[in-house]
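Note that the sequence shown covers residues 0 to 598 in numbering that gives the first Met the number 0. We treat Cβ as the ideally placed atom computed from N, Cα and C, and that holds for glycine.
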Amino acid sequence: MTNIITHDILIVGAGLAGSWAAMTAGREGVTDVGVLSKLHPLRSHSGAAQGGIAAVLNNNRPVPGTGKRGPLEQIPPGDPDVDNSDLHMFDTIKGSDWLGDQDVIQILVDEAPEILYEYEHMGCVFSRTPDGRIAQRRFGGHSSPRSNYAADFTGHVLLHTIYEQAVKHGVKFYAEWYCMDLIIEDNICRGVVAMDIETGELHTIRAKAVMFGTGGYGRAWNITSNATANTGDGVALAYNAGVPLMDMEFVQFHPTGLYGKGILMSEACRGEGGYLRNSDGRRFMEDYAPGLMELAPRDLVSRSEQTEIEQGRGVGADKKGIYLDMTHLGAEKIMERLPQVRELALEFLGVDIITDPVAIQPTAHYSMGGIPANSDCEVLADADGNLVKGFYAAGEVACLSVHGANRLGTNSLLGASLFGRRAGISMAKFIKDGAKLAPLNGDPAAKNQAIIDRFKNAPVDGKEERFSQIAKELKIVMTNKCGVFRDDARLREALEDIKALQERFKNARVMDKSNRFNNDVLGIIETDHLLTFSRVIVESGLARTESRGAHSRTDHVKRNDEEWLKHTLAHLTEDGSPKLSYKSVEVYYDRFPPQERKY
Ligand SMILES: Cc1cc2nc3c(=O)[nH]c(=O)nc-3n(C[C@H](O)[C@H](O)[C@H](O)COP(=O)(O)OP(=O)(O)OC[C@H]3O[C@@H](n4cnc5c(N)ncnc54)[C@H](O)[C@@H]3O)c2cc1C
0 MTNIITHDIL
10 IVGAGLAGSW
20 AAMTAGREGV
30 TDVGVLSKLH
40 PLRSHSGAAQ
50 GGIAAVLNNN
60 RPVPGTGKRG
70 PLEQIPPGDP
80 DVDNSDLHMF
90 DTIKGSDWLG
100 DQDVIQILVD
110 EAPEILYEYE
120 HMGCVFSRTP
130 DGRIAQRRFG
140 GHSSPRSNYA
150 ADFTGHVLLH
160 TIYEQAVKHG
170 VKFYAEWYCM
180 DLIIEDNICR
190 GVVAMDIETG
200 ELHTIRAKAV
210 MFGTGGYGRA
220 WNITSNATAN
230 TGDGVALAYN
240 AGVPLMDMEF
250 VQFHPTGLYG
260 KGILMSEACR
270 GEGGYLRNSD
280 GRRFMEDYAP
290 GLMELAPRDL
300 VSRSEQTEIE
310 QGRGVGADKK
320 GIYLDMTHLG
330 AEKIMERLPQ
340 VRELALEFLG
350 VDIITDPVAI
360 QPTAHYSMGG
370 IPANSDCEVL
380 ADADGNLVKG
390 FYAAGEVACL
400 SVHGANRLGT
410 NSLLGASLFG
420 RRAGISMAKF
430 IKDGAKLAPL
440 NGDPAAKNQA
450 IIDRFKNAPV
460 DGKEERFSQI
470 AKELKIVMTN
480 KCGVFRDDAR
490 LREALEDIKA
500 LQERFKNARV
510 MDKSNRFNND
520 VLGIIETDHL
530 LTFSRVIVES
540 GLARTESRGA
550 HSRTDHVKRN
560 DEEWLKHTLA
570 HLTEDGSPKL
580 SYKSVEVYYD
590 RFPPQERKY
């Protein structure tokens with residue numbers, strides 16, 4: 000075998016989850032930690048996050064001894080002076096439409112303040128209250144202002160901070176290395192195969208512990224807020240290696256993507272007081288969520304927008320948009336708190352949000368589903384809680400499940416950081432307890448090289464397909480048939496379309512035969528991944544005959560706890576279809592029993 004690299008811990012993904020895990024493992028005394036990233040680490044999608052990171056800090060309470068408040072002009076419902084972790088927990092559970100596992104949500108809310116203070120102590124440049132505390136604003140579905148932010152580029156400052164710390168702890172980063180295979184045999188993880196994108200060379204990387212922090216899969220839709228790299232590689236690789244995927248039918252559509260583009264206009268626009276208006280100029284949210292209005296959770300706001308659009312009250316050239324109106328906020332506030340959002344609207348639609356409303360539409364945004372893991376980020380092999388030894392997952396690629404059927408804004412940066420840290424601790428313990436490198440069979444790098452060679456060279460008798468065309472068609476299918484609203488007929492059509500695209504993909508070939516920076520090769524592998532997990536999303540969604548959170552079926556409009564208060568697990572079978580099984584949801588019936596979800 001050639002090109003073998005070894006590490007104690009190998010992490011795939013350098014976003015917040017991966018970088019926190021690497022930094023923490025280093026801090027816990029593991030000196031041999033490697034991180035692979037297909038992008039430069041600082042280009043990970045975490046860096047694009049805008050609005051904030053959740054934690055109860057109560058920084059809008061009066062400053063002791065002065066009676067003065069922080070910067071909050073908008074008094075939220077309830078008593079703004081008191082926030083606590085039980086409220087954060089309840090909001091998260093309600094947001095999740097009761098599908099979130101409450102034992103893990105408890106950890107999320109309990110450890111949140113600690114994560115914020117760690118960031119602060121590492122020198123993270125947050126926006127501040129007049130007396131110097133971390134500034135907090137409101138966000139959808141949260142009953143108190145607990146979004147901690149740095150203007151509207153929060154992810155950027157968090158990612159830079161944690162990357163610096165990981166480098167300081169001696170972590171080895173492999174920037175622009177692409178992981179194309181995960182090696183698991185007998186439920187033991189043995190390593191990965193990765194390509195050094197600069198040379199095109201493949202390497203087998205063995206490690207005692209492997210973690211995936213590979214982020215989300217919004218790129219399966221043609222209107223998405225996600226970066227081009229968010230192609231769900233991690234979920235597809237794990238699924239192909241025999242790991243089940245959990246709750247894949249739950250995909251979040253963010254209510255405010257720039258019209259026709261999908262680029263995110265942060266929820267902070269509404270957190271700072273922005274309005275949504277239909278073509279009549281009406282704030283239609285009063286018909287759907289009179290209590291929270293524009294600050295209802297995302298699934299509800301996206302459905303409300305879609306309903307307005309479908310009933311003919313949309314705006315824009317094809318009437319598929321809605322207005323986001325911030326003109327009443329004033330230039331000063333916009334320039335201080337939403338400067339990036341203003342720039343995006345100016346650059347991509349030529350609209351200045353200081354003076355004019357901007358058209359937006361729902362955009363594929365966040366993957367609630369993913370690789371199932373427990374609260375120590377150990378990956379589950381099945382519904383009984385058996386583990387894949389030596390394999391860990393955290394961040395958006397993982398499903399723990401803290402976000403259930405619908406994530407609340409700002410809980411994701413929190414979850415990626417916090418569970419990244421927990422993954423680092425649990426992998427360090429695994430190594431210190433004497434974990435060994437698991438033996439390898441065969442030559443995995445050579446096997447993967449053969450796949451690439453086939454994409455480049457195998458004859459196709461004139462039936463050659465362009466993978467980019469297949470990807471394009473898939474995204475249209477997912478947008479039209481597996482979007483904000485779903486039903487049996489559309490999902491069945493989507494499934495047939497995907498199967499047909501998978502057939503055509505067998506004849507897909509790359510034109511560029513070179514080795515260095517060959518984007519064609521990466522593109523064809525990513526297209527394969529998109530097809531693989533899209534099929535799981537559609538089949539899991541077809542089976543779930545209820546509406547819960549982001550999975551909204553017009554033919555089964557109610558949530559059905561009796562039948563469906565359970566997580567979906569999908570295992571790959573030989574004929575390429577998923578075998579579905581189910582796993583119970585952890586509910587604290589004495590504290591947070593399921594309720595009807597009203598806002
Ligand atoms: C525009 C936008 C704004 C957002 N705003 C907020 C917000 O304000 N608050 C909030 O809580 N959440 C927000 N989110 C969600 C949040 O940013 C993400 O869920 C979170 O940052 C994911 O972190 P991660 O570490 O799991 O993955 P990412 O940051 O996406 O990182 C994934 C990493 O995996 C690597 N990778 C992937 N595949 C491979 C492969 N095959 N080989 C090698 N490396 C690979 C990538 O290079 C990258 O380093 C936002 C998301 C978007 C898209």
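Alpha-carbon to alpha-carbon, Met247 and Pro577:
In a straight line, the C-alpha of Pro577 is about 11 Å away from that of Met247.
Could you tell me if the beta carbon of Tyr162 falls within a distance shorter than 7 Å of some heavy atom in ligand 1?
With a cutoff of 7 Å, Tyr162 does not count as near ligand 1, since its C-beta is closer than that to no heavy atom of the ligand.
Among Ala13, Thr526, Val103, which residue has its Cα nearest to the Cα of Trp220?
Comparing alpha carbon positions, the residue from Ala13, Thr526, Val103 closest to Trp220 is Thr526.
Spatial distance of Arg302 from His87 (CA atoms)
Cα to Cα, Arg302 sits roughly 24 Å from His87.
Unbroken beta strand (DSSP E) run spanning Gly33, endpoints
Run containing Gly33: 32–36, per the beta strand (DSSP E) assignment.
Contact set for Arg558: own chain, Cβ-Cβ below 7 Å, skip 5 residues either direction:
Only Asp96, Glu545, Ser546, Arg547 meet the Cβ criterion.
Three or more C-beta pairs below 8 Å linking the stretch 49–59 and the stretch 144–160:
Touching, yes, given that three or more Cβ pairs across the two stretches are closer than 8 Å.
Tell me the DSSP bridge mates of Glu342?
Answer by DSSP bridge pairing: none, since Glu342 is not bridged.
Determine, using beta-carbon pairs with one atom in the stretch 400–412 and one in the stretch 123–143, whether at least three such pairs fall under 8 Å.
Yes, since at least three Cβ pairs between the stretch 400–412 and the stretch 123–143 fall closer than 8 Å, the two stretches touch.
Flag this pair as yes or no: are the beta carbons of Ala393 and Ala16 separated by less than 8 Å?
In this structure, the beta-carbon distance from Ala393 to Ala16 falls below 8 Å.
What are the start and end residues of the beta strand (DSSP E) that includes Cys178?
For Cys178, the enclosing beta strand (DSSP E) has its first and last residue at 176–184.
Ends of the alpha helix (DSSP H) at Ile451?
Residue range 443–456 is occupied by the alpha helix (DSSP H) that includes Ile451.
Straight-line CA distance for Pro371 to Ser580?
In a straight line, the C-alpha of Pro371 is about 13 Å away from that of Ser580.
Alpha carbon to alpha carbon, how far is Met179 from Leu473?
Between the alpha carbons of Met179 and Leu473 lies a gap of roughly 21 Å.
Going by Cα to Cα distance, which pick from Thr23, Tyr216, Arg465, Leu412 is closest to His168?
Looking at the Cα atoms, Thr23 is the closest of the given residues.
Bridge partners for Tyr322 per DSSP, in chain order?
Beta-bridge pairing links Tyr322 to Arg276, Ala358.
Tyr587 to Leu564, Cα distance in whole Å?
The alpha-carbon of Tyr587 is positioned some 13 Å away from that of Leu564.
Taking just the CA atoms, how far does Arg420 sit from Ala20?
About 5 Å.
Is Ile10 helix, strand or coil by DSSP?
Strand, per DSSP.
Any non-hydrogen atom of ligand 1 closer than 7 Å to Ile52 Cβ:
Yes; taking the cut-off as 7 Å, the Cβ of Ile52 has a heavy atom of ligand 1 nearer than that.
Less than 8 Å between the beta carbons of Arg145 and Leu294, yes or no?
No; because the gap between Cβ atoms is not below 8 Å, this pair is not in contact.
Going by CA-CA distance only, name the one from Lys93, Leu541, Met121, Gly46 that's closest to His155.
For the residues Lys93, Leu541, Met121, Gly46, the minimum Cα distance to His155 belongs to Gly46.
Which of the three DSSP states, helix, strand or coil, is assigned to Val156?
For Val156, the secondary structure class from DSSP, reduced to helix, strand or coil, is helix.
What's the call for Gln594, buried or exposed, on a 16-neighbour Cβ count within 10 Å?
Its Cβ having fewer than 16 others within 10 Å, Gln594 is exposed.
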